[in-house]
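> My questions will all concern the structure given below.
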Amino acid sequence: MLRWIRQQLGFDPPHQSDTRTVYIANRFPQNGHYVPQRFADNRIISSKYTIWNFVPKNLFEQFRRIANFYFLIIFLVQLMIDTPTSPVTSGLPLFFVITVTAIKQGYEDWLRHKADNEVNGAPVFVVRSGSLVQTRSKNIRVGDIVRVAKDETFPADLVLLSSDRAEGTCHITTASLDGETNLKTHFSVPETSVSQSVSRLEALHAVVECQQPEADLYRFVGRITVTQQGEEIVRPLGPENLLLRGARLKNTKEIFGVAVYTGMESKMALNYKCKSQKRSAVEKSMNTFLIIYLGILLFEAILSTILKYAWQAEDKWNEPFYNQKTEQERNSSQILKFISDFLAFLVLYNFIIPISLYVTVEMQKFLGSFFIGWDLDLYHEESDQKAQVNTSDLNEELGQVEYVFTDKTGTLTENEMQFRECSINGIKYQEINGKLVPEGLTDDSPDGSMPRLIREEELFLKAVSLCHTVQISYDQGDGGFGDPFAHTGNGFSQMEYFASSPDEKALVEATKRMGVTFIGSKGEYMEIKTFGKSERYKLLHVLEFDANRRRMSVILETPSGEKVMFTKGAESAILPFIKSGELEKTRVHVDEFALKGLRTLVVAWRHFSAEEYRDVDRRLHEARTALQQREERLADVFTFIEKDLELLGATGVEDKLQDKVQETIEALRLAGIKVWVLTGDKHETAVSVSLSCGHFHRTMNILELVQQRSDNECAEQLRRLARRIKEDHVIQHGLVVDGASLSLALREHEKLFMEVCKNCSAVLCCRMAPLQKAKVVRLLKTSPEKPITLAIGDGANDVSMIQEAHVGIGIMGKEGRQAVRNSDYAIARFKFLAKLLLVHGHFYYIRIATLVQYFFYKNVCFITPQFLYQFFCLFSQQTLYDSVYLTLYNICFTSLPILVYSLFEQLVHPHVLQSKPALYRDISKNSMLSFKTFLYWTLLGFCHAFVFFFGSYILMGEDTTLMSNGQMFGNWTFGTLVFTVMVITVTLKLALETHFWTWMNHFVTWGSIAFYFIFSLFYGGIIWPFLHTQDMYFVFVQLLSSGSAWFAIIIIVTGCLFPDVIKKVLYRHLQPTNTQKCQLAEAQQGSVSCVDSLCCVGVGPAGEEGPCAGLCVRLAGLVERLTGRCVPPRADRCDLSLSSLCCQCHRINYKLERDEAPALAD
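Put into structure tokens, the structure is as follows:
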């Protein structure tokens, strides 16, 4: 219990050792000196709160927000001192905001608790006391032997002990962890693989020593010591021996494994770490405005306090006959009185800070984010994937992007590889009709026959078909793998290759077409068939691929008993280690392949003598059994082995461009967005793809910063490039940088490098490591201009870049889902980026920018008359408005119109925004939240407030007898008149700002005004027994019964809004923006505006009815009633038909029904 309490409080000490020792089946040493290590239990906790800490923890987090904390202080001040307004005026809005947020967060956490309980309560089988026992997942302990059956997920991180296969292997898929859908083979050590029954496992005496838990999914260092007949056998353990929690067992009946990491120490749980919180530019501007308004509030409170004491310097005002002070008041401290009065004025004016702004913004972001998922233009029919929003906090940031950083493979290209060419022994070959033909020759062999290959060609194809990690699936009834060696040549057509890399799959499929077929692996053996002749190779070692070496190797024993190594990798990682072969010719061919945009790999081999192999085997064994610095030792051994290579040749694989990539990049460029391509490909390949996709233009001057070897050389080249740009300032420039040169440039010449980059229209960075991508993004982010950046990619190597950028977008591609899971938004294709930014980004930004400015405006209008009123009541802190009006102004009377506006507003039609990308520039640089715009809205609020107050004062100042019976108006009537004029004016002001009117806009706009009148009539027309005082009784009814009051309302509202109308008309005709020009052109075209890309309900295409037709009709009717924009004669003008959302045979049919974009003149 004590340990649990310490864990909850975060005081539990960390592991003291760098390694952990796990006794299999928890058979601890019997000597008395052994102290068991403490490990976490197997409960997964993704929830944030418990039933005990929810209230205090949630309140603490909410009051960390400056606005919430500020209103809490005001509320406490109202409770402690005598203030002019009731504590309810601050307490009720604060309680509403806190409660709504707490309910939302509590519900989300309850869902997490529910999911956790399902996982933790899942049944599992463990070996205990010589039998198989069923228990719950949360009860698994480190050291338990767990049995997992086919298609079950692993309940903890397990070291594989045995499987139902004799060789002790199993196949798993890690799609839920890293998104890779290919099957991976995992291995057990030979000493434990024979323990395939509970009785044998019970007799197993073994100890696992491994590293302490870490988040890296692909790293595991350990060793297992098995005691057999008194002898200890030590075997290395690596990632290939570890079965990760969350992965799923495939094509294997059952396995047994020992739990080494459990619960929150499993690798899956350690990867739950929260991403750094991203804040949008709008939110930062909002906080700045809040501080300014806090300054205005303090100024008004201090000024009012000073003026009060200046006024009371005269005795007749200090202590008038009708308000004599008590002896205690006369003798009280002047300082305390000053502070008390200051706090009272602070409470009186506190509503200038809009607490409901945060709630409205959160609701707008949450509800508005659904439009992205609903947009059928962002739906990809082939993969049945729609856009998804992982965070709604950055919607408006999509409208402010200045730099786009994109990956190449899988983002600009399809990541579908097709073998095109190869170079063997200095001769270029092409594939023609499935046959390898030297360049310049034609395929003269009869159809169906295979030409004989010379030795070099055959060896090259064998190397390609053996040096890989490809798995094979055979088309069987049970969907299993089957015995690969049992298949004859007739079964080849039923084989399907699975690979983690599309390149590997393309190459193995190519060698199969050319006559060298990889049949499969079984245990230590790999089998290929060369023109029908079967050959078995014993797999001795695999030197795995890593990002630093950029190559992989396999060491094999040939059927004749020779030891050989086949190696493949990037040309920069292979060619420096070549000792023989057609090096120069192959280098030329590799460059030619790259110029064609092909992805290149170089293939080589090495023959080992018996003595050399013994040395290699010994070194590998020592490195792989090391517990400390295993990676460094393996890297040294790999470097020692992968040298003195004989060059075999090179391959060229094509990765075709995605659809509409060129149009998308051009649209982004017209929108003022600079596109940088960051890729790991070689220089020539990257440049070729950049040219073909329109990133580089053929007329563009291409500058290069490549192959720089020293700081001085790099600096000099940067200066030359800067001079060249300055001399050729008319020409567009593109810059190419490689990873090595980039490292030098960022080390000491960051400023010079940035100057060159900013003067280039497009930048291409090649040979980039994942962390270098993030460094480049951070470099732009932190530059003096602080531009808004967006990163888009599809692979795990893009995650750091995606997390570093202001906005991260994942592509749902073929490299897994890791980028998608770590992104803010996810789309299926690069082409969807144009609409996401140019349309959705534009809409979200103008909506929330207007929402923020309008909120501050209406609160200035609200509280300034309160300040002015003090000049007419001797700064006695008398409130102008009733407490109920103070409380409900932001919650009820003015909240809905701006919320609906912020969800549906469109300045121009989506078609126009896409066809005219330059309109994106109108909202760039946070223009609608600039200080100039903020000042305009603030001054407008003060001006309107002055008109409200003094307009009403002029009406009632000289003669308050405005009733026909001579009855006089009082201060509550005056305040109600000001409040009435204010509610009408601020609501109509928003109506003037609205360009896109729906039935919902009309309902909330006129409904809010009507609700205010109806509420006031009921509130003031009835004596409410639960109210202590009712100052407003019959006040509103009396006010409305005066014709002069109605006249004043009309005159004041018109006087406030008429200058706005004049200003809008003059600006539209004298200084129209590009957006306003398009609005005028659109009005002349008579097009129908739509809610984002959703539009009016029309009759669906013929034959589209299905089993869900009734549901679709009801859904369509609902949206039609909400938007109110479906005019049947003009329904064909709509962008998309809602009937296309209808279900078809248990799936949603996203069918696009487009209309041509209106042709608009500039």
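Under the numbering used here, read the sequence shown as residues 240 to 1401, first letter to last. Note that beta-carbon positions come from the ideal geometry of N, C-alpha and C, so glycine has one too.
Could you check which residue in I1087, P475, F1111 and Q1117 has the C-alpha nearest to that of F1143?
Working through the sequence shown from its first residue, we reach residue 1143 at position 904. Per the Cα distances, I1087.
> Three or more beta-carbon pairs under 8 Å between the stretch 632 to 644 and the stretch 1078 to 1085, yes or no?
yes
> Applying the criterion that 16 or more other CB atoms from any shown protein chain within 10 Å of the CB defines a buried residue, is I342 buried or exposed?
Working through the sequence shown from its first residue, we reach residue 342 at position 103. Label assigned to I342: exposed.
> Assuming F314 contacts P326 (C-beta within less than 8 Å), just tell me the rounded distance between them.
By 1-based counting over the sequence shown, the position of residue 314 is 75. By 1-based counting over the sequence shown, the position of residue 326 is 87. About 6 Å; that satisfies the 8 Å criterion.
> Which residue marks the beginning of the alpha helix (DSSP H) containing S980, and which one marks its end?
Translated into positions along the sequence shown, residue 980 becomes position 741. It spans G978 to E987 - the alpha helix (DSSP H) in which S980 sits, taken as one unbroken run.
> Taking DSSP's pairing of strands, which residues face I384 in a bridge?
What you label residue 384 is simply residue 145 of the sequence shown in a count that begins at 1. Answer is V366 and V497, bridged to I384.
> Our contact map puts K777 next to Y764 with C-beta atoms below 8 Å; I'd like the distance itself, whole angstroms only.
Numbered from 1 along the sequence shown, position 538 holds the residue referred to as residue 777. Numbered from 1 along the sequence shown, position 525 holds the residue referred to as residue 764. Between Y764 and K777 the Cβ distance is about 6 Å, and since that is below 8 Å, they are a contact.
> Whole alpha helix (DSSP H) runs in the stretch 392 to 475 with 4 or more residues, listed along the chain?
414 to 417, 429 to 432 and 437 to 441
> Would you kindly report the start and end of the unbroken beta strand (DSSP E) that includes Q669?
Counted from its first residue, the sequence shown places residue 669 at position 430. Segment I666 to I671, the beta strand (DSSP E) holding Q669.
> Does the separation of the CB atoms of F1189 and L1119 fall below 9 Å?
Within the sequence shown, residue 1189 is the residue found at index 950, counting from 1. Within the sequence shown, residue 1119 is the residue found at index 880, counting from 1. Result no, Cβ atoms of F1189 and L1119 do not sit closer than 9 Å.
> Can you list, in chain order, the residues of its chain with a C-beta nearer than 7 Å to that of T1226? Leave out the 5 residues immediately preceding and following it.
On the sequence shown, residue 1226 is found 987 positions in, with the first residue counted as 1. Once the five neighbours on either side are set aside, the close Cβ partners of T1226 are T1133, P1136, T1244, S1247 and I1248.
> Taking DSSP's pairing of strands, which residues face W844 in a bridge?
Counting from one through the sequence shown, the residue named residue 844 turns up at place 605. As a beta-bridge residue in DSSP terms, W844 pairs with F805 and E885.
> Quick one: is the Cβ of I904 within less than 8 Å of any heavy atom of the ligand GDP?
The ligand GDP is not part of this structure, which contains no ligands at all.
> Give the straight-line distance between the Cα atoms of S427 and L400, rounded to the nearest whole angstrom.
Counting from one through the sequence shown, the residue named residue 427 turns up at place 188. Counting from one through the sequence shown, the residue named residue 400 turns up at place 161. Approximately 5 Å between the Cα atoms of the pair.
> Between I290, Q301 and F335, which has its C-alpha nearest C1131's C-alpha?
Within the sequence shown, residue 1131 is the residue found at index 892, counting from 1. Taking only the C-alpha atoms, the option nearest C1131 is F335.
> Okay, do the stretch 937 to 952 and the stretch 908 to 916 touch, 3+ Cβ pairs below 8 Å being the bar?
Flag = no, the stretch 937 to 952 and the stretch 908 to 916 do not touch.
> Going by DSSP, what residue range makes up the beta strand (DSSP E) through P677?
Translated into the one-based positions of the sequence shown, residue 677 becomes position 438. It spans K674 to P677 - the beta strand (DSSP E) in which P677 sits, taken as one unbroken run.
> Distance check for E653 and D257, CA to CA, integer angstroms please.
As a working mapping, residue 257 is identified with position 18 in the sequence shown. As a working mapping, residue 653 is identified with position 414 in the sequence shown. Answer to the nearest angstrom: the Cα atoms are 43 Å apart.
> Mind checking A702: buried by the 16 CB within 10 Å criterion, or exposed?
Here the question's residue 702 lines up with position 463 in the sequence shown. That one is buried.
> If you follow the beta strand (DSSP E) that F757 is part of, which residue opens it and which one closes it?
The residue given as residue 757 occupies position 518 in the sequence shown. Here the beta strand (DSSP E) through F757 covers V755 to K761.
> T756: buried (16+ other C-beta within 10 angstroms of its C-beta) or exposed?
On the sequence shown, position 517 is the one that residue 756 refers to. That one is buried.
> Taking DSSP as the reference, what is the three-state secondary structure of Y1120?
Taking the first residue of the sequence shown as 1, we reach residue 1120 at position 881. When DSSP states are grouped into helix, strand and coil, Y1120 belongs to the coil group.
> Which one or two residues does DSSP pair with S631 in a beta bridge?
Locating residue 631 in the sequence shown gives position 392, where the first residue counts as 1. Looking at the DSSP assignment, S631 forms no beta bridge with any residue, so it has no partner.
> In terms of residues, what are the limits of the alpha helix (DSSP H) holding H780?
Within the sequence shown, residue 780 is the residue found at index 541, counting from 1. That residue, H780, is in no alpha helix (DSSP H); its beta strand (DSSP E) goes K772 to L782.
> Going by C-alpha distance, which of I964, I758 and S368 is nearest R439?
Residue mapping note: residue 439 aligns to position 200 of the sequence shown, counting from 1. Looking at the Cα atoms, S368 is the closest of the given residues.
> Measuring only the C-alpha atoms, how far is G360 from K377?
Mapped onto the sequence shown, residue 360 falls at position 121. Mapped onto the sequence shown, residue 377 falls at position 138. Using only the alpha carbons, I get a separation of about 6 Å.
> Between Y1251 and the rest of its own chain, which residues show a CB-CB distance below 6 Å, the 5 nearest in sequence each way excluded?
Residue 1251 sits at position 1012 when you count from the first residue of the sequence shown. F1132 and V1222, listed in sequence order.
> How big is the Cα-Cα spacing for C999 and K990?
On the sequence shown, residue 999 is found 760 positions in, with the first residue counted as 1. On the sequence shown, residue 990 is found 751 positions in, with the first residue counted as 1. Rounded to whole angstroms, C999 to K990 spans 15 Å at the Cα level.
> For the candidate residues A264, L859 and N490, whose alpha-carbon lies nearest to that of V398?
The residue you call residue 398 lines up with position 159 of the sequence shown. The shortest Cα separation from V398 among A264, L859 and N490 belongs to A264.
> Could you work out which residue in T864, S1191 and L675 is closest to P478 when comparing CA atoms only?
Position 239 of the sequence shown holds residue 478. Looking from the CA of P478, the closest CA among T864, S1191 and L675 belongs to T864.
> Do L1231 and V1304 have their C-beta atoms within less than 9 Å of each other?
On the sequence shown, residue 1231 is found 992 positions in, with the first residue counted as 1. On the sequence shown, residue 1304 is found 1065 positions in, with the first residue counted as 1. No; because the gap between Cβ atoms is not below 9 Å, this pair is not in contact.
> For the pair the stretch 295 to 306 and the stretch 586 to 606, tell me if three or more CB-CB distances fall below 8 Å.
yes
> Where does the unbroken beta strand (DSSP E) through P1065 begin, and where does it stop?
Position 826 of the sequence shown, counting from 1, holds the residue named residue 1065. Looking at the sequence provided, one finds Ala at residue 1065 rather than Pro. Looking at the DSSP string, the run of the beta strand (DSSP E) that includes A1065 is Y1064 to I1066.
> For the beta strand (DSSP E) holding N940, just list the boundary residues, first then last.
The residue you call residue 940 lines up with position 701 of the sequence shown. Per DSSP, N940 belongs to the beta strand (DSSP E) from N940 to L944.
> Check for me: the alpha helix (DSSP H) holding G1004 runs from which residue to which?
Start at 1 with the first residue of the sequence shown, and residue 1004 comes out as number 765. Residue identity check: residue 1004 is Cys in the sequence provided, not Gly. Note, C1004: premise wrong, no alpha helix (DSSP H); beta strand (DSSP E) at A1001 to C1005.
> Answer with buried or exposed for P268, where buried requires no fewer than 16 other C-beta atoms within 10 angstroms of its C-beta.
Against the sequence shown, residue 268 aligns to sequence position 29. Exposed.
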